[in-house]
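**Student:** My questions will all concern the structure given below.
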Amino acid sequence: MSLSSYRNVNREQLAQDIKQLYRQAQADLGEEDFRHMKRMERWGQACSLLGYATAWIAPNPLSALLISQGSFARWTQVAHPIQHRGYDKIKQAESRYKSKGFAKGWRRFLDWPDWMTPAGWHHEHDVLHHYRLGETADPNNAQHNMEWLRQSGLPMWLRYVIVALFSGVWKLSYYTPRTHKELRLEQARHLHQPAPKMTRLGAWSPFTPQGRGLWLQSILPYTAFRFVLLPALFLPLGSVAASYVLLNSILAEIFTNMHTFLVMIPNHAGDDVMGFDEKAHSKGEFYLRQIVGSVNYPTGSNANDFMYGWLNYQIEHHLWPDLPLSQYQKLQPHVKALCARHGIPYCQDSVFKRLLKAVDIMVGKTSMLKPSTAQA
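For the sequence shown, UniProt numbering gives the first residue as 1, with consecutive numbering after it.
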């Protein structure tokens, strides 16, 4: 997007048009949206059940991929929209599928077993990322987070290797400690306390409050659930069967990391995606940034969207994060047409093309587009 076209977008009219689409979607909300999410949930559960039903036979990538897809679906297509209040306004939705009841207390490992705590991820993602998209304060700003690698002086081939290795463990090595960090900082702000000292090493040390929270709330509970309890259920079939389930569970965890890295990191990174130095000062500017700071992948069918975790509708999701998944399918062509009317680029590409662009940002080969550096 050129600097002149960015400046010339009628932000007030853009905000009105986006609000009108939102009102139409709100009027269309109903039980069918909830049934749709339940269908996606069942697809994910079927993957998990089939994966574990075959995982005891032998270590194999098929069982691991099915387990991985089940975990991926649970995060992206159940936890994600529910924590954004996507089904809060649907009367027919049960309380455990609404933001106030989902994954709370003892229901955490029933509703959403993962490394991250629901509260930590809610604050890091739903609040900081969505309301500070593309800014330095955005905790998911790939260029800012990877400055240590971009400025490292390492050979470029080695930087790509590091990113590739990182993709297999990024939920544990980055996302989980980051959500703990942001939640602790927010809790201190809420209590009007000084910001606690947060360090990279301290995040993993059991001798710091930061590290103890990570181990006691995330690492140990999830390890016990995924890599101890679930394999132990297969002990009646023999210790070899249980060990195969453990091996497939570890492989599935790597696959889930790589899958989520593939669809999440490129959503907001690339030399054609905008980043920003300051906070948006109007609703129209905010909406414009959600569009030019986000990227979609191919869209259109439940089967396709299930594999992307509905993150292929990232533009629509950032405009209206509190809508059910099924509404994004309906809104996507309208948003694309709206962007054309306003002269705003609507970026929709192959996920693999976007992955390369995102990794180029991470290693320092390219940089994010800024309004101040866009071609006039």
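Using N, Cα and C, we set each Cβ at its ideal position, and we do this for glycine too.
(1) In this structure, how does DSSP classify residue 304 when only helix, strand and coil are distinguished?
(2) Tell me, please, whether the segment 95-109 touches the segment 337-351 by the rule of three or more beta-carbon pairs shorter than 8 Å.
(3) Between which two residues does the alpha helix (DSSP H) containing residue 43 stretch?
(4) How about residue 56 and residue 232: are their beta carbons less than 9 Å apart?
(5) For the alpha helix (DSSP H) holding residue 179, just list the boundary residues, first then last.
(6) According to the Cβ coordinates, are residue 274 and residue 134 closer than 9 Å?
(7) Residue 73 and residue 47 look like a contact to me (Cβ under 8 Å); what is the Cβ gap, rounded to whole Å?
(8) Within its chain, find whatever has a CB closer than 6 Å to the CB of residue 150; leave out the 5 residues flanking it on each side and keep chain order.
(9) With DSSP as the reference, label residue 356 as helix, strand or coil.
(10) From residue 87 to residue 325, what distance separates their C-alpha atoms?
(11) Confirm, please, whether the CB-CB distance from residue 64 to residue 44 is below 9 Å.
(12) Residues in its own chain within less than 7 Å of residue 314 by CB, not counting five upstream and five downstream?
(13) If we require 4 or more residues per run, which alpha helix (DSSP H) segments fall completely within the segment 263-298?
(14) Return the CA-CA distance between residue 272 and residue 287, expressed in angstroms with no decimal places.
(15) Buried or exposed: residue 356, going by 16 or more other Cβ atoms within 10 Å of its Cβ?
(16) From the DSSP secondary-structure annotation, give me the bridge partner or partners of residue 235.
(17) Could you check how far apart the C-beta atoms of residue 318 and residue 130 are, in whole angstroms? I think they sit under 8 Å.
(18) I need the straight-line Cα distance from residue 371 to residue 278, nearest angstrom please.
(19) Is the CB-CB distance between residue 209 and residue 184 below 9 Å?
(20) Residue ranges of each alpha helix (DSSP H) run of no fewer than 4 residues wholly in the segment 82-114, ordered along the chain?
(21) To the nearest angstrom, report how far apart residue 119 and residue 201 are at their CA atoms.
(22) For the pair the segment 159-171 and the segment 210-230, tell me if three or more CB-CB distances fall below 8 Å.
(23) Does the Cβ-Cβ distance between residue 25 and residue 143 come in under 9 Å?
(24) Identify whether residue 151 lies in helix, strand or coil by the three-state DSSP scheme.
(25) Determine the DSSP secondary structure at residue 193, reduced to helix, strand or coil.
(26) Suppose you measure from the CA of residue 290 to the CA of residue 237; what does that come to, to the nearest Å?
(27) Can you give the Cα-Cα distance for residue 33 and residue 196, rounded to whole angstroms?
(28) If you run the structure through DSSP and keep just helix, strand and coil, what is residue 329?
(29) How many Å lie between residue 283 and residue 141 at the Cα?
(30) With DSSP run on the structure shown, which of helix, strand or coil describes residue 369?
(31) On the DSSP bridge assignment, give the partners of residue 348 in chain order.
(32) Does the Cβ of residue 94 have 16 or more other Cβ atoms within 10 Å, making it buried, or fewer, making it exposed?
(33) Check whether the Cβ atoms of residue 260 and residue 112 sit closer than 9 Å, and answer yes or no.
**Tutor:** For this structure:
(1) helix
(2) no
(3) 31-55
(4) no
(5) 176-190
(6) yes
(7) 7 Å
(8) 364
(9) helix
(10) 10 Å
(11) no
(12) 267, 294, 295 and 296
(13) 283-292
(14) 18 Å
(15) exposed
(16) Looking at the DSSP assignment, residue 235 forms no beta bridge with any residue, so it has no partner.
(17) 7 Å
(18) 11 Å
(19) yes
(20) 108-111
(21) 23 Å
(22) no
(23) no
(24) coil
(25) coil
(26) 51 Å
(27) 42 Å
(28) helix
(29) 21 Å
(30) strand
(31) 296
(32) exposed
(33) no
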